[in-house]
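Before any comments, here is the structure.
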Amino acid sequence: MTIHINLLDWRAQRRERRRKQFLSMIGAVAVLAAVLALGVSWGINARVDNQQDRNAYLKQQITQADREIAEIKDLTQVRDNLIARMHVIEDLQQDRSETVHFFDELVATLPPGVYLTSVKQTASGSVTLVGVAESNARVSEYMKQLDASPWFDNPRLVVIKTSDKNRNRRSDFTLMVNNAHPVPPKQPGAEAGP
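Each residue of the sequence shown is one higher than the last, beginning at 0 in numbering that gives the first Met the number 0.
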């Protein structure tokens with residue numbers, strides 16, 4: 000029987016083997032860490048790109064909504080302007096017929112022997128009537144007829160002067176009366192609005 004003696008340093012071999020294992024493990028971990036880092040980086044970049052696409056889409060939708068809101072505001076302003084014009088036209092149409100009724104009623108309430116020389120209306124609706132009458136009694140009768148009219152309200156005598164002109168006695172007067180703006184009765188056959 001022969002005895003074999005290993006003269007090689009077995010501890011050095013084991014150390015070398017362990018060092019190689021350690022280096023290969025470090026290399027594997029480094030490769031795995033690099034792959035993992037690249038994967039995480041790619042995932043984060045993909046999420047960032049996705050979020051940027053979503054942000055761009057939202058900005059586009061917000062811009063479109065802002066344009067639509069501006070268009071709606073413009074249309075609302077146009078509509079309000081048209082409604083205001085319609086109201087002005089309706090008021091003018093109503094005022095046109097009211098003016099005719101006003102003067103018609105002014106003449107209808109005028110008793111014989113009373114003549115108007117001036118009619119002025121203020122913005123508040125009061126009317127100043129200046130005229131000439133044959134007597135003070137005619138002025139009083141005119142005031143009663145104005146008070147009885149649905150178109151006039153609260154007649155007030157401002158000034159009355161009696162004078163003799165060409166041997167004719169006459170009374171110069173100034174009256175104030177409020178314009179009552181009554182609602183005219185509906186004519187038969189007129190249809191009600193919507």
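Yeah, the Cβ is synthetic: ideal placement off N, Cα and C, and Gly gets one too.
**Request:** Figure out for me which residue from Ser125, Gly124, Val158 has the closest Cα to the Cα of Ser139.
**Result:** Here residue 139 refers to the residue found at position 140 of the sequence shown. Closest by alpha carbon: Val158.
**Prompt:** By Cβ distance, which residues of its chain are closer than 6 angstroms to Val176, with the 5 residues on each side in sequence left out?
**Reply:** Position 177 of the sequence shown holds residue 176. Excluding residues within five positions, the ones whose Cβ falls inside 6 angstroms are Val126, Leu145, Phe151, Pro154.
**Request:** Put Asp163 into one of helix, strand or coil per three-state DSSP.
**Result:** Locating residue 163 in the sequence shown gives position 164, counting from the first residue. Strand.
**Prompt:** From Asn49 to Arg66, what distance separates their C-alpha atoms?
**Reply:** Stepping through the sequence shown from its first residue, residue 49 is reached at position 50. Stepping through the sequence shown from its first residue, residue 66 is reached at position 67. One C-alpha to the other measures close to 26 angstroms.
**Message:** Please report the distance separating the alpha-carbon of Tyr141 from that of Asp171.
**Reply:** Within the sequence shown, the letter at position 142 stands for residue 141. Within the sequence shown, the letter at position 172 stands for residue 171. Going by the C-alpha atoms only, they are around 13 angstroms apart.
**Request:** Could you check the C-alpha separation between Thr173 and Val118 for me, to the nearest Å?
**Result:** In the sequence shown, counting from the first residue as 1, residue 173 sits at position 174. In the sequence shown, counting from the first residue as 1, residue 118 sits at position 119. In a straight line, the C-alpha of Thr173 is about 10 angstroms away from that of Val118.
**Asked** For Ala132, which three-state DSSP category applies?
**Response** For the purposes of this step, residue 132 is identified with residue 133 of the sequence shown, where counting begins at 1. Strand, per DSSP.
**Message:** By the three-class DSSP mapping on this structure, what secondary structure does Leu57 have?
**Reply:** Within the sequence shown, numbered from 1, the residue matching residue 57 stands at position 58. Three-state result, Leu57: helix.
**Asked** In three-state terms, what does DSSP make of Leu115?
**Response** Indexing the sequence shown from 1 puts residue 115 at position 116. Strand.
**Asked** From Gln92 to Asp79, what distance separates their C-alpha atoms?
**Response** On the sequence shown, residue 92 is found 93 positions in, with the first residue counted as 1. On the sequence shown, residue 79 is found 80 positions in, with the first residue counted as 1. Answer to the nearest angstrom: the Cα atoms are 20 angstroms apart.
**Message:** Classify Glu70: buried if its beta carbon has 16 or more other beta carbons within 10 angstroms, exposed otherwise.
**Reply:** Counted from its first residue, the sequence shown places residue 70 at position 71. When all chains shown are included, Glu70 counts as exposed.
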